[in-house]
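Step one of this worksheet: look at the structure below.
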Amino acid sequence: MAELQRKPFGTRGKVHQITPESAGWRYVGFSLYRLRAGDTASEVTGDREVILVMVEGKASITGAGQDWGVLGDRANVFEKTPPHCLYLPNGTEWEATATTDCVLAVCSAPGTGGHAPRRIGPDGITLTERGKGTNTRHINNIAMENEDYCDSLLVTEVFTPAGHWSSYPSHRHDEDDFPRITYLEETYYHRLNPADGFGIQRVYTDDGSLDETMAVKDGDVVLVPRGHHPCGAPYGFEMYYLNVMAGPLRKWRFVPAPEVDWIMKRDA
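The sequence shown: position 238 = 237 (numbering that gives the first Met the number 0), numbered continuously.
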């Protein structure tokens, strides 16, 4: 099994590059660029579809033969405003030129040419509350199952208040047995506020064959190839993460961990 926690390998330009090959799985890819004003990044999509997410800052973007103008609005991700995103199908290309310092995420999965390029957000994305008590968190859905924007990708943002849990009650989506459960690989791109803080993420299976607990820092990426994957934000530190999921079927169906099944039923 590939190492689950990935640290950024630089501070400028491309700082994360997770491919199916490097992750040891089949579907999800995730890259991240940290650009200064005037810097440029570009890629071809090949056989993969992508969603570009302006995590922070602004960039002028062309893609799939179109000029999409300047995307981005929030200077800091913890402003929690809806993100500006761009969907591009397989067989296209894109280029981004930073107009301010910016953070650009590239979410990818296998594409079949079933969807046209399009802007996603900020219109149509509303910060919504989920959960109860210290399990309350806030969601910006970018391209989940209800949004028919993609062939394979499922993408969302989650803001977890200090002292709260998210991706909880613990659940897994690691079997291809729809409608009971779907197989979805997943990445978490973490940010912390203040940035010198830390969060906790555990990835574990019911049989204990995989059981890792990680102290995640600002900018880390965690891979979830299988098993349950709850996150905790310590008192004093907000947690953000950008989730990317994909598998053989673009449906999100999960099974709770046995020890928390009663919580899920109680809070339903």
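Think of the CB as a built atom: it goes at the ideal place given N, C-alpha and C, for glycine as much as any other residue.
| Check | Outcome |
| --- | --- |
| By the DSSP assignment, the alpha helix (DSSP H) with proline 19 in it spans what residues? | 19 to 22 |
| Under 8 Å, with one C-beta from each stretch per pair, do the stretch 85 to 95 and the stretch 105 to 117 reach the 3-pair mark? | yes |
| For tryptophan 93, report the span of its beta strand (DSSP E) as first-last. | 92 to 97 |
| Identify, in the order they occur along the chain, each residue of the same chain with its Cβ nearer than 6 Å to the Cβ of glutamine 200, setting aside the five sequence neighbours on each side. | Met213, Val215, Val221, Cys230 |
| Who does aspartate 66 pair with in a DSSP beta bridge? | Thr61 |
| Does the beta-carbon distance from valine 14 to arginine 33 come in below 7 Å? | yes |
| Helix, strand or coil for glutamate 156? Go by DSSP, reduced to three states. | strand |
| Could you tell me whether the stretch 49 to 68 touches the stretch 92 to 102, using the rule of 3 or more Cβ pairs below 8 Å? | yes |
| Between which two residues does the alpha helix (DSSP H) holding isoleucine 138 run? | Element bounds for isoleucine 138: not the alpha helix (DSSP H) but the beta strand (DSSP E), 136 to 142. |
| Which value, in whole angstroms, describes the spacing of the CA atoms of threonine 91 and leucine 51? | 13 Å |
| If you check the beta carbons only, do glycine 303 and serine 107 fall under 7 Å apart? | Absent from the model: residue 303. The displayed extent of the chain is 0 to 267, so no value can be given. |
| Give the DSSP-derived three-state secondary structure of valine 254 in the structure shown. | strand |
| Could you check the C-alpha separation between arginine 68 and threonine 44 for me, to the nearest Å? | In the sequence as presented, arginine is not what sits at residue 68; that position holds glycine. Approximately 20 Å between the Cα atoms of the pair. |
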